[in-house]
Amino acid sequence: MIADERDTIVAAATPRAGGVRGVVRLSGPQTVEVLRPLVGGPLELRRPTRRPGASLEVVLAGAPRRAPCDVYLWPGRRSYTRQPSAELHTIGSPPLLDAIIAAVCGAGARLAEPGEFTLRALLAGRIDLTQAEAVLGVIDAPSGPALESALSQLAGGLSRPLQHIREDLLQLLAELEAGLDFVEEEDVRFIEDAELTRRLDAALAAVRSLLEQTATRGRSEFLPRVTLVGPPNAGKSSLFNALRQHAAADGRQQQAPGVTAANALVSPTAGTTRDSLTAEVTAGGVRFLLIDTAGVEPGPAAGVQTGPAGVADAASRRDAAAADLRVRCVPAGADPPAKTDPAELNIRTKC
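Residue numbering for the sequence shown follows my numbering, beginning at 2 and increasing consecutively.
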């Protein structure tokens, strides 16, 4: 992302869904200048200010309207981004929020890039890099423990221990350099080898402890697993590729550590897929792991086949057993199996 901090940016700060309240956020040097003609009244930025009962001129259904809103203003030294900032609180209607954003952009602002408010807070020194990463962790937390871990990191649960380690190492370096600089001085006692080793080991242990605490935060194993299953040549790989391309076109495809990035091979020859492929995608606002498996003929459990086919069959059955949702691909014209498992969804392919 190439961002110009001189721009005034705007974005919705609440989900795109109906609700009692919706919030549009602005940040940038021209925040007040952008809002003043839309609000139609004086706006002060000497201190944090709330202006209730205001209205904003927008265009809805092709006609000018006045949208009700409360205006909150923060001077640069007090805001999240350390720039002049504002929030417009109104009714949580997606069309209304879109109209407000369009009006603000028409007045001189631009749409914020994903994560740009947090980037500005990072560049301004409001938060550090670990806290910036924790913002995404809070947003994407799929479970209570993941959310708790991300909130702790956002509150400085990682920054403070790292700062302590840094200070200890700087103090140790100063003592070591003093011993080297004044080695000829008889009354100067420099650090002993054993003490140096002990303090370095303590710093190393602290770093390892932090790594253990953060090893699983945000990892893909917290995500629900959606596995495509079915007989060979049932269209699983084609569906896998199509869903990945849809997520990428929507700007929502992500890639976690250890997650496959390549498309699945597609061929009319049955048995093309031998190894499971995994992609992290988002659909309907839900992040999950999508897994393409090798085809498995209906029948008894794995262990009957041998060789590469038997290995692929066993791996597919293991992936299916570990799935939170099994999407069974049934080619058009074939009879679907009886659905007895609530964690399984039958879909038609090759229609």
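Ideal Cβ placement from N, Cα and C applies to all residues, glycine included.
Note that the structure is a prediction, hence the values are computed from the model and not measured.
(request) Name the one or two DSSP bridge partners that P65 has. (result) V60
(request) Grab the span of the beta strand (DSSP E) containing V11 for me, first residue to last. (result) 10-13
(request) Would you kindly work out how many angstroms separate the C-alpha atoms of A280 and Q31, rounded to a whole number? (result) 41 angstroms
(request) Can you have a look at T198 and say buried or exposed, based on whether 16 or more other CB atoms are within 10 angstroms of its CB? (result) exposed
(request) Ignore the nearest five residues each way along the sequence and tell me which others in V66's own chain have a CB closer than 8 angstroms to its CB. (result) It is worth fixing the name first, because residue 66 is Arg in this sequence and not Val. The answer, listed in chain order, is E58, V59, V60, A100.
(message) As a quick exercise: from V72, V25, L290, A147, pick the residue whose alpha carbon is nearest that of A248.
(response) L290
(request) Over the uninterrupted beta strand (DSSP E) stretch that includes A87, give me the two end residues. (result) 86-93
(request) Assuming Q353 contacts G180 (C-beta within less than 8 angstroms), just tell me the rounded distance between them. (result) The structure shown has nothing for residue 353, since the chain only spans 2 to 352.
(message) Considering Cα atoms alone, identify which of A322, R318, K351 is closest to P332.
(response) K351
(message) Taking the straight line between their C-alpha atoms, what separation do you get for L46 and V287?
(response) 39 angstroms
(request) Output the distance between the C-alpha atoms of R17 and V25, rounded to the nearest integer angstrom. (result) 11 angstroms
(request) Could you tell me if L156 is buried or exposed, where buried requires 16 or more neighbouring beta carbons within 10 angstroms of its beta carbon? (result) Just to set this straight, residue 156 is Ala in the shown sequence, not Leu. Burial call: exposed.
(request) Answer with buried or exposed for A323, where buried requires no fewer than 16 other C-beta atoms within 10 angstroms of its C-beta. (result) exposed
(message) Does I292 pass the burial test, meaning 16 or more other C-beta atoms within 10 Å, or should it be called exposed?
(response) buried
(request) Find out if the Cβ-Cβ distance for the pair A55, L74 is shorter than 7 angstroms. (result) no
(request) Flag this pair as yes or no: are the beta carbons of R329 and N347 separated by less than 7 angstroms? (result) yes
(message) What does the Cβ neighbour count give for H90, buried or exposed, with the cut at 16 atoms within 10 Å?
(response) buried
(message) With distance defined between alpha-carbon atoms, name the residue in R200, L159, R161 nearest to E176.
(response) R200
(request) Can you have a look at I140 and say buried or exposed, based on whether 16 or more other CB atoms are within 10 angstroms of its CB? (result) exposed
(request) Can you give me the Cβ contacts of R79 inside the same chain, cut-off strictly under 7 angstroms, excluding the 5 residues immediately before and after it? (result) P49
(request) Report the residue from A207, V282, P338 whose alpha carbon sits nearest the alpha carbon of P162. (result) A207
(message) Tell me the rounded alpha-carbon separation between D129 and D5.
(response) 20 angstroms
(message) Does S210 pass the burial test, meaning 16 or more other C-beta atoms within 10 Å, or should it be called exposed?
(response) exposed
(request) Can you check DSSP and say which residues form a bridge with A284? (result) V287
(request) Have a look at the DSSP bridge pairing and note the partners of L353. (result) It is not possible to answer for residue 353, since the shown part of the chain is limited to 2 through 352.
(message) Suppose you measure from the CA of A13 to the CA of G334; what does that come to, to the nearest Å?
(response) 46 angstroms
(request) Using 10 angstroms around the beta-carbon of Q84, count the other beta-carbons present and answer buried if the total reaches 16, otherwise exposed. (result) buried
(message) I'd like to check one pair, L224 with K237: are the Cβ atoms closer than 7 angstroms?
(response) no
(request) Would you mind giving the Cβ-Cβ distance between L44 and V33, rounded to the nearest angstrom? I have them listed as a contact below 8 angstroms. (result) 5 angstroms
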